[in-house]
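For reference, the structure discussed in these notes is given below.
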Amino acid sequence: MLKKLCSPSISRLLFLSATALFIAGCSQKITSVNDTVRLALQETADTHKSAYDIARLPYASTYVRIDNQAQLFMVLALAESATGKTLTNAHSTTTPPLLKWLASDNGMLITQSGRIIKTVNLSAGNLLATHSTSPDPLALGLHLATTPKQWQRTIDWQPGYHIGYQLDSNFVFDHAEVLTINGKSVPVLRFNENVLVKQLNKHYSNTFWVDQQTGKVVKSLQYIAPSLPSVEMTILKPFN
Numbered sequence: 001m002l003k004k005l006c007s008p009s010i011s012r013l014l015f016l017s018a019t020a021l022f023i024a025g026c027s028q029k030i031t032s033v034n035d036t037v038r039l040a041l042q043e044t045a046d047t048h049k050s051a052y053d054i055a056r057l058p059y060a061s062t063y064v065r066i067d068n069q070a071q072l073f074m075v076l077a078l079a080e081s082a083t084g085k086t087l088t089n090a091h092s093t094t095t096p097p098l099l100k101w102l103a104s105d106n107g108m109l110i111t112q113s114g115r116i117i118k119t120v121n122l123s124a125g126n127l128l129a130t131h132s133t134s135p136d137p138l139a140l141g142l143h144l145a146t147t148p149k150q151w152q153r154t155i156d157w158q159p160g161y162h163i164g165y166q167l168d169s170n171f172v173f174d175h176a177e178v179l180t181i182n183g184k185s186v187p188v189l190r191f192n193e194n195v196l197v198k199q200l201n202k203h204y205s206n207t208f209w210v211d212q213q214t215g216k217v218v219k220s221l222q223y224i225a226p227s228l229p230s231v232e233m234t235i236l237k238p239f240n
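Here it is, written out as structure tokens:
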């Protein structure tokens, strides 16, 4: 679980981190470093934000729940292209952007097309890297009949020496439903991603809710790695 911000040293780290992001050029056009620090300091566990508060913030945002712990609020600190270029909107790159979501304790989730591909500063351990030679079906759009429903990737994670473990995925449509997100009804298609880790002879399942029209992931429940916690993400305000 991401730990609460509770000490001056962590506050200083957050301030330095926010300053660096501002200097680099934040994708959400943050008006001041103080806004970022104040937003993070105000976050508490089991957070709920009103639709009005979410709309008025100049950041993309998401709710996050790690395992069955309290719900957290995270903001998009930075969006980058695959080459590391800072992006101002999702249309300024031909490849899915890397989105870096920041919590109050300086913990970070990095997603691409709705999938968590890396984590930083999580107390239970971290996903260090994700590699694949073929596009993630999430990026192609699971709502399309032409999108392959099988995918293979390798991941590295810690603690321990877990490098280059192969994951074989099979995506299966579950059902259509309507979610209520940020006070709005969102028609979605629910897909289960059944994952096999051959080296460990282990199976687990991720779940993705994708917008019926765009195929973008609006909610997910995914395991960071075979021995790490699950993370539930609900996108409140997307990066556009």
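Just so we're aligned: the sequence shown equals residues 1 to 240 in UniProt numbering. Built from N, CA and C at the ideal position, the CB exists for glycine as well.
Closest to residue i by C-alpha separation, out of the options, would be which residue?
i	options	result
HIS48	LEU78, GLN71, ALA82, TYR161	GLN71
residue 274	LYS184, HIS143, PRO96	Here the chain has residues from 1 to 240 only, and residue 274 is not among them.
PRO58	ILE224, LEU76, ASN68, LEU189	LEU76
ASP211	LEU78, LEU99, HIS143, LEU102	HIS143
GLN150	PHE239, SER123, LEU167	LEU167
ASN106	LEU138, THR130, HIS162, PHE73	PHE73
TYR223	LYS216, TYR204, PRO187	TYR204
THR133	ARG153, LEU102, SER50, ARG115	ARG153
HIS131	ALA79, LEU102, ILE163	ILE163
PRO187	VAL172, TRP209, LEU200	TRP209
PRO135	ALA60, SER113, SER104, ASN121	SER113
How big is the Cα-Cα spacing for residue i and residue j?
i	j	result
ASP156	ASN182	34 Å
SER118	GLY84	According to the sequence provided, residue 118 is Lys. The question's Ser does not apply to it. Cα to Cα, LYS118 sits roughly 15 Å from GLY84.
THR94	LEU87	11 Å
VAL197	LEU189	26 Å
GLN213	GLY141	10 Å
ASN170	VAL195	7 Å
LYS216	PRO137	11 Å
LEU236	ILE54	7 Å
ALA82	LEU98	7 Å
PHE239	ARG115	14 Å
TYR165	TYR52	43 Å
LYS202	HIS91	38 Å
MET108	LEU78	11 Å
Name the DSSP beta bridge partners of residue i, please?
i	result
TYR223	SER230
ALA79	LEU99
LEU149	One point to set straight first is that residue 149 is Lys, not Leu, in the sequence displayed. Paired residues: none, contrary to the question.
THR62	MET74, ILE235
LEU167	ARG153, VAL197
HIS48	None, per the DSSP bridge assignment.
Output needed for residue i: all residues of its chain with C-beta closer than 6 Å, excluding positions within five of it in sequence on either side, in chain order.
i	result
MET233	THR62, VAL64, SER220
VAL172	ASN192
Here's a check: name, in chain order, each residue in its chain whose Cβ is nearer than 7 Å to the Cβ of residue i, leaving out the five neighbours to either side.
i	result
ILE23	Confidence at ILE23 is low in this model, with a pLDDT of 36, below 50, so its placement is unreliable and no value can be given for it.
ASP174	ARG190, PHE191, ASN192
PRO229	ILE66, ASP67, ALA124
SER227	none
If you measure from the beta carbon of residue i to each beta carbon in chain C, is any gap under 9 Å?
i	result
LYS216	Absence of chain C from the displayed structure is noted, only one protein chain being present.
If you drop the 5 nearest sequence neighbours on each side, which residues of the same chain put their C-beta closer than 8 Å to that of residue i?
i	result
SER185	VAL178, LEU179
THR127	Before going on, a small fix: residue 127 reads as Leu here, not Thr. ILE116, ILE117, LYS118, THR119, ILE155, ASP156, TRP157, ILE224, ALA225, LEU228.
Got a sec: does the ligand ADP put a non-hydrogen atom nearer than 8 Å to the Cβ of residue i?
i	result
GLU80	As for the ligand ADP, it is missing from this structure, which has no ligand bound.
**OP:** Quick one: which unbroken alpha helix (DSSP H) runs of 4-plus residues sit fully inside the region 82-142? Chain order, please.
**Re:** Fully enclosed alpha helix (DSSP H) runs of 4 or longer: 137-140.
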